[in-house]
Amino acid sequence: MTGAGANVKDIRVSNVTMSVGNDTSMGVFKSVQVYLSNNGANEVLVASRDAIADNVGTTLSLDANTTKTLDNLMKSGAVQARIVYVLKQSPTSDISLKTSIGFSSVPVTNP
């Protein structure tokens, strides 16, 4: 983050949601993990979910790691996301997976 992004601190993940197309269920996944890194270095687990129910539907809220501050990572200018998953069974067609990551922060105030 540059510019206005330099005026925030205590950047944390607030929520993470994953979704698949209407013809699939998130129940095809046994578990999922979402990692953030800066160009593949300093990787941090930001959300995960294990034991995903078969009938969960097309959208799944993950358990977000809201305690880890990500200031250095987010301000590096080169943030990458990596998703690790375990399937319950091989899918019969391609699966389109979308991930949404929400963040919270506080403003930097000058004394």
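Just so you know, we're using my numbering here: the sequence shown kicks off at 128 and counts up by one. Cβ coordinates follow ideal geometry from the N, Cα and C atoms, glycine included.
- The alpha carbon of residue 150 has as its nearest neighbour, out of 227, 222 and 217, the alpha carbon of 222.
- Shortest Cα-Cα distance from residue 224 to any of 197, 190 and 156 involves 156.
- A direct Cα-to-Cα measurement between residue 208 and residue 154 gives close to 22 Å.
- The bridge partners DSSP lists for residue 225 are 146.
- Taking C-alpha positions only, residue 213 is separated from residue 135 by approximately 35 Å.
- Per DSSP, the unbroken alpha helix (DSSP H) holding residue 199 starts and ends at 198-201.
- A straight line joining the alpha-carbon of residue 165 with that of residue 199 spans about 9 Å.
- A buried status is given to residue 152, since no fewer than 16 other beta-carbon atoms sit within 10 Å of its beta-carbon.
- Residue state for residue 134 is assigned as helix, using DSSP reduced to three classes.
- The beta carbon of residue 138 is closer than 7 Å to those of 196, 197, 198, 201, 230 and 232 in its chain, skipping five residues each way along the sequence.
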